[in-house]
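Numbering (the working numbering), first residue to last: 2 to 160.
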């Protein structure tokens, strides 16, 4: 693990970064990185990292580029950067998720896994169109509905 806020592994194979506890993992289904939206390639080897706490999936090269802290982390230290980001943008705009039926293969923007089923496979934010599993709803960072927060900040300048 490298980076300014990276810490040494808790145990061999666990990479801690901003409250996340990443473990190298092999995924049995097509999976995408939550940070760069790139496909995790590999058939035999472990393709990427998954947080043991919030289930976020990233490339090995992307895990130390995260901006926000783990949503399931309990330490107050891990929330410092999240608090900084909230204060920096000075808006706390949560996602407005509604149950959605997808007509194409769609992947969760948090954990990167396929939204399975024929109807009502997952949730979609009405503002930014973020897709998520129902089980991932509580794990998604709550203040990053960028689309709405940017729109609101621009409307303040126009009015």
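We treat Cβ as the ideally placed atom computed from N, Cα and C, and that holds for glycine. The model shown is predicted, which means the values in this text are computed figures rather than measured ones.
Check residue i in the structure and name its three-state DSSP category.
i	result
residue 140	helix
residue 19	coil
residue 216	Nothing about residue 216 can be read from this structure; the chain reaches only from 2 to 160.
Under a Cβ-count criterion, where at least 16 other Cβ atoms within 10 Å of its own Cβ denotes burial, should residue i be classed as buried or exposed?
i	result
residue 41	buried
residue 4	Unreliable placement is indicated for residue 4, whose pLDDT of 47 sits below 50; the coordinate value is still reported in the next sentence. Classification for residue 4: exposed.
residue 20	buried
residue 18	buried
residue 140	buried
residue 113	buried
residue 163	Residue 163 is absent from the model: the chain starts at 2 and stops at 160.
residue 29	exposed
residue 102	exposed
residue 65	buried
Taking the Cβ atom as the reference point for each residue, do residue i and residue j lie within a distance shorter than 9 angstroms?
i	j	result
residue 115	residue 31	yes
residue 27	residue 14	no
residue 105	residue 127	no
residue 52	residue 24	yes
residue 36	residue 55	no
So if DSSP puts residue i in a beta bridge, which residue, or which two residues, is it bridged to?
i	result
residue 100	124
residue 51	24, 58
residue 40	33
residue 115	108
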